[in-house]
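Chains as they are written, first to last, in my numbering: chain X, 1 to 172; chain Y, 1001 to 1172. Have a look at the structure below, then the notes.
There are 2 protein chains.
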Amino acid sequence: MTVSKAATTAAKASRPARKEPADAVAESHALQLGELSDHLGYALKRAQLKIFEDFLRCVAPLQLTPAQFSVLLLLDKNPGRNQTEIANTLGILRPNFVAMLDGLEGRDLCARVRSTNDRRSHILVLTDKGRAVLARAKKLVATKHEARLNALLGPANRAALLAMLATIAREF
Amino acid sequence: MTVSKAATTAAKASRPARKEPADAVAESHALQLGELSDHLGYALKRAQLKIFEDFLRCVAPLQLTPAQFSVLLLLDKNPGRNQTEIANTLGILRPNFVAMLDGLEGRDLCARVRSTNDRRSHILVLTDKGRAVLARAKKLVATKHEARLNALLGPANRAALLAMLATIAREF
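Structural data, given as C-alpha cells:
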C-alpha cells in the first residue's frame, strides 16, 4: 500500500483543531501515517469526527448532539412509535438510548405516553417545545452545517459520497 | 430535502445485523428516515460503524480494535516517539490513550521506555510480540477487510471516497 499524500496532509492540517496544547516536538517532526492514510476506516473516522464537531458548533445555541437531532427528526417523522423502534432504526444501543431519552424528556423536548393500543407499551412524542427546537435546529443545520459541506465538496461530489456511504451501510 | 431511497434501504437492510432481538412491529412498519438519510454526518456514522464491525470480525483472532491497530501501525512507522505525539496524531484524547496503552502494554505488544534524550519523558516502542501481531493483523486487514471493501466499491470509487474523506478531514 502507498502513502496517500492527501490524507497525510489532512492529518497534519487537522491537528491544530485538537483541544490538547500544541506539542513543540510533534509540530517540528510530524509523524508518518504510512499505510494508515490508505485505510478507509481511519479516513471515515477522521472525517466523521470533523463533521460532528462542526455540527455541535452550528447548533450550539440549542445544545443538541447529532444523535439527539436524529431522534427528534425521527419522532417528528414517525409519531406514535415506541422506543425500541426508534433505537433500532438509529442503531443506538438500548442503555444509551434510555439515557438520551431521559435527557430529552428532562428538557421537555419529548414525552413518553402510554399507548392506547397496547397499554403495557409507551410511545414517544415530540412536545411543542421539541417541535420548535427541531425547527430551529433544522434551519441551523441546513444554512450553516450542510451548506458549508455542499460548498466544500460541490453538489455532485456530495451526492456521490452519500451514495457510496449508503452502499457501505447497506451491503458491507 | 428529499428522501434518499438508497439510504432508506440501507437503514432497513442494516437492521437485522443489530444485536437486539427483532421487533415484529418495527419489521412490519419500517420507520421513515425522512431528511435524515440526506445528512452526511448520519451516513458517515452508519458507514463507519459497519466498517468498524467488519474490522473487528476480520482481526478477531488477534483481539485488536481499529484504534489499537492504528497505534501499532504508527509505532512501527515512527519508533522513538512519545505518547503525546502518538495520541495527538491519531486525535485520541489523553485519558483514553493512556487506558489503551495500558492494555497494549499488559499484553506485551508495546513498552514505555525512558528517553535517552530527555530523561523526564518516555518513548513508545513495539515489542517483538507487538511486531509479530501487527504483521498478522496487516495481513488479515488487507486480505479480508480492505479486499472486501475494494470488491464492493471498485478501486476507482474507493480512491474517490478516500480523497473526499481526506478533504473533509483537512478543510472542513
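Glycine included, each C-beta is placed from N, C-alpha and C at the ideal position. Small disclaimer: the values here were computed from a predicted structure and weren't measured.
What residues of chain Y sit near residue i, judged by a beta carbon separation below 7 Å?
i                     : result
residue 135 (chain X) : Chain Y residues near residue 135 (chain X): none, gap ~13 Å exceeds 7 Å.
residue 34 (chain X)  : 1073 and 1077
Taking Cβ positions only, does residue i come closer than 8 Å to chain X?
i                      : result
residue 1168 (chain Y) : yes
residue 1054 (chain Y) : yes
residue 1162 (chain Y) : yes
residue 1078 (chain Y) : yes
residue 1172 (chain Y) : yes
residue 1149 (chain Y) : yes
At which residues does the beta strand (DSSP E) containing residue i begin and terminate?
i                      : result
residue 1125 (chain Y) : 1122-1126
residue 113 (chain X)  : 110-114
I want to see whether chain Y comes within less than 8 Å of residue i, judged by CB atoms only; does it?
i                     : result
residue 51 (chain X)  : yes
residue 89 (chain X)  : yes
residue 157 (chain X) : yes
residue 115 (chain X) : no
Suppose the cutoff is 6 Å on Cβ atoms and the five residues either side in sequence are ignored; what does the same chain contact list for residue i look like?
i                      : result
residue 1090 (chain Y) : 1070
residue 80 (chain X)   : 123
residue 1059 (chain Y) : 1137 and 1140
residue 1025 (chain Y) : Only weak support is given to the placement of residue 1025 (chain Y): the predicted model assigns it a pLDDT of 45, under 50, and the value that follows is read from those uncertain coordinates. None.
Using a Cβ-Cβ cut-off of 7 Å (strictly less than) and excluding sequence neighbours within five positions of residue i, which residues of its own chain qualify?
i                      : result
residue 1066 (chain Y) : 1052 and 1055
residue 1150 (chain Y) : 1158
residue 1144 (chain Y) : 1058
residue 1111 (chain Y) : 1105, 1125 and 1127
residue 1129 (chain Y) : 1108 and 1109
residue 1068 (chain Y) : 1100 and 1104
Cβ closer than 9 Å: which chain Y residues qualify as neighbours of residue i?
i                     : result
residue 66 (chain X)  : 1039, 1041, 1042 and 1045
residue 152 (chain X) : 1167, 1168, 1171 and 1172
residue 105 (chain X) : Per Cβ cutoff of 9 Å: no residues; residue 105 (chain X) is ~20 Å from chain Y at best.
Return the first residue and the last residue of the alpha helix (DSSP H) that residue i is part of.
i                      : result
residue 155 (chain X)  : 155-171
residue 1096 (chain Y) : 1094-1106
residue 63 (chain X)   : Neither: residue 63 (chain X) is in no alpha helix (DSSP H) and is coded neither H nor E.
residue 1043 (chain Y) : 1040-1058
residue 87 (chain X)   : 83-90
Given this structure, state the Cα-to-Cα distance separating residue i from residue j, to the nearest angstrom.
i                      : j                      : result
residue 78 (chain X)   : residue 162 (chain X)  : 23 Å
residue 1120 (chain Y) : residue 1134 (chain Y) : 29 Å
residue 1094 (chain Y) : residue 1087 (chain Y) : 7 Å
residue 1123 (chain Y) : residue 1109 (chain Y) : 14 Å
residue 126 (chain X)  : residue 1103 (chain Y) : 43 Å
residue 1023 (chain Y) : residue 50 (chain X)   : With a pLDDT of only 45 at residue 1023 (chain Y), under 50, the local geometry of the prediction cannot be trusted, and no value is derived from it.
residue 146 (chain X)  : residue 1033 (chain Y) : 17 Å
residue 105 (chain X)  : residue 83 (chain X)   : 13 Å
residue 1100 (chain Y) : residue 165 (chain X)  : 29 Å
residue 1194 (chain Y) : residue 172 (chain X)  : With chain Y covering 1001 to 1172 only, the question about residue 1194 (chain Y) has no answer from this structure.
residue 39 (chain X)   : residue 114 (chain X)  : 47 Å
residue 185 (chain X)  : residue 152 (chain X)  : Residue numbering for chain X in the displayed model covers 1 to 172; residue 185 (chain X) lies beyond these limits and cannot be assessed.
residue 43 (chain X)   : residue 117 (chain X)  : 46 Å
residue 1029 (chain Y) : residue 1170 (chain Y) : 41 Å
residue 21 (chain X)   : residue 1168 (chain Y) : The predicted model places residue 21 (chain X) with a pLDDT of 46, which falls under 50 and marks its position as unreliable, so this point remains unresolved.
residue 31 (chain X)   : residue 1031 (chain Y) : 45 Å
residue 1036 (chain Y) : residue 156 (chain X)  : 19 Å
residue 1062 (chain Y) : residue 1076 (chain Y) : 17 Å
residue 46 (chain X)   : residue 98 (chain X)   : 28 Å
So with CB distances below 8 Å, who are the chain Y contacts of residue i?
i                    : result
residue 48 (chain X) : 1041, 1044, 1045 and 1048
Considering only residues of the same chain and omitting the five flanking positions on each side of residue i, which have a CB-CB separation below 8 Å?
i                    : result
residue 64 (chain X) : 72, 133 and 137
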